[in-house]
Amino acid sequence: MKLENKVVLLTGASSGIGYAIGKAFAKEGAVVYAMARRMEKLEGLKEDSKDLPGEIIPVAGDVVKEEDIDNAVEKALEEQGKIDVLVNNAGVLDEYKSAETITDEIWNKVMDINAGGIMRMSRKVLPSMLEKKAGVILNTASVGGLHGMRGGLAYVASKHAVVGMTKNIGYSYADEGIRCIAVAPGSVSTEIGSSVKDPDERMLNKLMAGVQIFPKVGTPDQLAEVYVFLASDEASFINGTTIVVDGGWTAY
Ligand SMILES: NC(=O)c1ccc[n+]([C@@H]2O[C@H](COP(=O)([O-])OP(=O)(O)OC[C@H]3O[C@@H](n4cnc5c(N)ncnc54)[C@H](O)[C@@H]3O)[C@@H](O)[C@H]2O)c1
203 MKLENKVVLL
213 TGASSGIGYA
223 IGKAFAKEGA
233 VVYAMARRME
243 KLEGLKEDSK
253 DLPGEIIPVA
263 GDVVKEEDID
273 NAVEKALEEQ
283 GKIDVLVNNA
293 GVLDEYKSAE
303 TITDEIWNKV
313 MDINAGGIMR
323 MSRKVLPSML
333 EKKAGVILNT
343 ASVGGLHGMR
353 GGLAYVASKH
363 AVVGMTKNIG
373 YSYADEGIRC
383 IAVAPGSVST
393 EIGSSVKDPD
403 ERMLNKLMAG
413 VQIFPKVGTP
423 DQLAEVYVFL
433 ASDEASFING
443 TTIVVDGGWT
453 AY
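For the sequence shown, position 59 (counting from the first letter as 1) is numbered 261 according to the numbering used here, and the numbering increases by one without interruption.
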């Protein structure tokens, strides 16, 4: 097992890519503190993983609330004495608004969850990793963190921030045994798109042009296997970079 005895804190675990990461990590023997706002979905993940060698421990929490983050991190540290791997996966789409229709409300929400969540989670977990001189932080970015036309203005800006934070954290702590890596998924079949209710026409037209050149849509399980590898000791020389997992979409 690639993650035996590893203690993991995973955000956005209630659906999609995060749910698949939880299961894949439990299959490899990890104890996973699965954090999300919907406790009933986390209980489903726990039930779904009960025959696997690892364990899922649900923790209710929102990545924009400091007290929820404190609670999740302190619970894992009190019960296990360490957090080996932090997976910052929680994220939301914007309403596909362009630069002339973006509102402060959408901008603030998307930046606060997608970028602020990673900053707050990492800030809270890093001291315990520094004490052990070991740790891995995996951030879910997007091909929208590397290219301009894979979301609206706020989503693309927030995911570029994820790629930037990954480089900053990866480089800052490299000589203290800590690695930080981002994963940039292409199009993956999850429920994330259902949140877009009122897209901006300009943005939608531009995005649709990109959709026409999709080689294929991926599954959450295809992503989860990559996170397993990056979290494992087999990836010990990968740090401060972004791994694109998009079936070839951005090769076009
Ligand atoms: N599906 C794709 O095509 C795709 C492509 C590129 C990147 N991503 C990224 O993958 C990650 C997972 O998305 P997904 O596609 O699995 O969609 P999803 O909607 O199924 O999962 C997102 C998860 O984040 C959680 N979340 C949202 N806001 C939160 C908050 N404030 N606090 C805690 N949890 C919160 C949701 O509850 C959910 O569990 C996101 O960061 C997303 O931006 C997805």
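We treat Cβ as the ideally placed atom computed from N, Cα and C, and that holds for glycine.
Model, not experiment: these values are computed from the prediction.
Check: Whether A236 touches L254 by CB criterion (7 Å); Outcome: no
Check: Beta strand (DSSP E) segment containing L355, residue limits; Outcome: Where L355 is concerned, there is no enclosing beta strand (DSSP E), although the alpha helix (DSSP H) it sits in stretches over L355 to S374.
Check: Bridge partners - P255, DSSP secondary structure assignment; Outcome: DSSP output for P255 lists no bridge partner at all.
Check: Beta-carbon gap between A215 and G224 smaller than 7 Å; Outcome: yes
Check: DSSP three-state assignment for T392, whether helix, strand or coil; Outcome: coil
Check: Separation of E281 from A376, as counted between CA atoms; Outcome: 27 Å
Check: The region 401 to 408 contacting the region 370 to 386, beta-carbon criterion three pairs below 8 Å; Outcome: no
Check: Anticipated Cβ contact below 8 Å, G354 with M313, distance rounded; Outcome: Actually they are not in contact, since the Cβ atoms of G354 and M313 sit about 12 Å apart, beyond 8 Å.
Check: I415 to S391 span [Cα, whole Å]; Outcome: 16 Å
Check: Other residues of its chain near V338: CB distance less than 6 Å, five sequence neighbours each side excluded; Outcome: V287, R381 and A433
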